[in-house]
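Encoded as structure tokens, the structure appears first; notes follow it.
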Amino acid sequence: MASRSPARDYLVSMIGELVGTFLFLFFAFAAAQTANQPNGIEPLTPNATDTSKLLYIALAFGASLAANVWVFFRVSGGQFNPAVTLALVLIGAVSPTKALILIPAQLVGGSLAAAAVKGIIPGDNILFAVSLGPGVTDVQGVFMELLLTFMLVFTILMLVAEKTKSTFVAPIGIGFSLFIGHLVGIFWTGAGINPARAFSPALVQASFPAYHWIYWLGPALGASLAAGLYLGLKAMNYELVGGDADKEKREEGLTMQQADLIIETLRGLPRAIQGSGALGQFEGTTKGQRSPTDLERGFDGRSLMDDPNIRKSRFGSPDSIDSPTQI
2 MASRSPARDY LVSMIGELVG TFLFLFFAFA AAQTANQPNG IEPLTPNATD
52 TSKLLYIALA FGASLAANVW VFFRVSGGQF NPAVTLALVL IGAVSPTKAL
102 ILIPAQLVGG SLAAAAVKGI IPGDNILFAV SLGPGVTDVQ GVFMELLLTF
152 MLVFTILMLV AEKTKSTFVA PIGIGFSLFI GHLVGIFWTG AGINPARAFS
202 PALVQASFPA YHWIYWLGPA LGASLAAGLY LGLKAMNYEL VGGDADKEKR
252 EEGLTMQQAD LIIETLRGLP RAIQGSGALG QFEGTTKGQR SPTDLERGFD
302 GRSLMDDPNI RKSRFGSPDS IDSPTQI
């Protein structure tokens, strides 16, 4: 099979990030524009009458992110956020060269989404731009964006960069993280959390507030802190502290490593041993008579769990098959 071209892989990832960011932010922006329509251009304020709008917008952003991450995870990783891409670069999961391709694609996708919402939904004003709430200082805004982004990025690193049996449902946790971030941050900073999300409406309406830098610095710092914590925990082998969360109970049957070991043992047996009757006697046991204990023992009578390779893979050794891999 011919080797894949790195240029083609970069192109596929770029298209995935552009289209994915567009879809994620289009539905999120459209929901925010719809929710804010009755109030004109007045921003949300923390009072009882705006609670339903807050929930509506927060849910729209969280659900849209979860759905599109699920769809585009196999295409580009489903990042849709320059802060997330930065964190992946810092942990070594994405190369700087690839990041320089993905981040512009995210910004273009977000800008197209903002332009599409402005063109499709009636009204002259963009009602989904981020802004600081009344009385919020620039420093407070930076720290709010830092913490909100830290929560999202750390969730992504622990659920996606760490390969586990629950990785396939990671988009749900990621969506909930963004949902929580919007519940907390909408009233105070507009819940930027994503430089592409803050940049896009500002570009389309050609209006950049003097504090726009907050929506770049805060997320960058939050992503860096999340990456630092992740690397620190990895360096301390955090998975050994609480045990292997994915460890199966032995009575539930064979693990993948046990099955692979049996298969390799069968393939390596000399023909003379296969024809001696010992193997036939082992295989002659009916399925109804096999117990998990029988299947867990090797041909020498020892438990497969005594094998150091099995023990390592079961308890998260860095050299094991199940060790976390880069995304």
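The numbering used here puts the first residue of the sequence shown at 2, with every later residue one more than the last. Note that CB positions come from ideal geometry on N, CA and C, so glycine has one too.
Check: Coarse secondary structure for Arg303, derived from DSSP in three states; Outcome: For Arg303, the predicted model reports a pLDDT of 47, less than 50, meaning its position is unreliable; a value from the coordinates is still stated below. Looking at Arg303 - three-state DSSP - the assignment turns out to be coil, as it is neither helix nor strand.
Check: Pair within 9 Å by beta-carbon distance, Ala192 and Gly176; Outcome: no
Check: Alpha-carbon spacing of Val70 relative to Asp125, whole angstroms; Outcome: 31 Å
Check: Alpha-carbon to alpha-carbon, Ala67 and Leu26; Outcome: 12 Å
Check: Cβ separation of Thr190 and Leu133, assumed to be a contact under 8 Å, to the nearest whole Å; Outcome: 6 Å
Check: Cβ pair count under 8 Å reaching 3, the segment 102-112 against the segment 147-158; Outcome: no
Check: With 16 other Cβ atoms within 10 Å as the buried cut-off, status of Ala8; Outcome: exposed
Check: C-beta contact flag for Leu179 and Gly223 at 9 Å; Outcome: no
Check: Whole-Å CB distance - Leu103 paired with Gln80, under 8 Å assumed; Outcome: 6 Å
Check: Distance CB(Val143)-CB(Ile194) smaller than 9 Å; Outcome: no
Check: Whether Leu184 touches Leu56 by CB criterion (9 Å); Outcome: yes
Check: Euclidean distance between Cα positions of Val95 and Gly219; Outcome: 21 Å
Check: Cut-off 8 Å between Cβ atoms - residues of its own chain near Val13, not counting five sequence neighbours on either side; Outcome: Val76, Ser77
Check: Per-residue burial, Gly17 [other beta carbons within 10 Å of its own, 16 or more giving buried]; Outcome: buried
Check: Alpha helix (DSSP H) segment containing Lys119, residue limits; Outcome: 97-121
Check: Distance between Ala171 and Thr22 (C-alpha atoms, nearest Å); Outcome: 18 Å
Check: Sequence-distant residues of the same chain with beta carbon closer than 6 Å to Ala59, five excluded per side; Outcome: Phe180, His183, Leu184
Check: Where Arg9 falls: helix, strand or coil (DSSP); Outcome: helix
Check: Start and end residues, alpha helix (DSSP H) containing Thr86; Outcome: 83-91
Check: Spatially closest choice to Thr165 from Glu240, Phe62, Asp10, by CA coordinates; Outcome: Glu240
Check: Distance between beta carbons of Gln38 and Ala130, contact taken as under 8 Å; Outcome: Not a contact, Cβ separation roughly 14 Å.
Check: Asp51, buried or exposed, once every other Cβ within 10 Å from all chains shown has been counted against 16; Outcome: buried
Check: Euclidean distance between Cα positions of Gly120 and Met237; Outcome: 51 Å
Check: Where Glu146 falls: helix, strand or coil (DSSP); Outcome: helix
Check: Ser304 classed as buried or exposed, judged by whether at least 16 other C-beta atoms fall within 10 angstroms; Outcome: With a pLDDT of 47 at Ser304, under the threshold of 50, the modelled position of that residue is not reliable, and the figure given next carries that caveat. It counts as exposed.
Check: Ala32 versus Ala64, Leu234, Tyr231, Arg5, residue with shortest Cα-Cα distance; Outcome: Ala64
Check: Member of Phe151, Ala162, Gln34 whose CA lies at the smallest distance from the CA of Phe74; Outcome: Ala162
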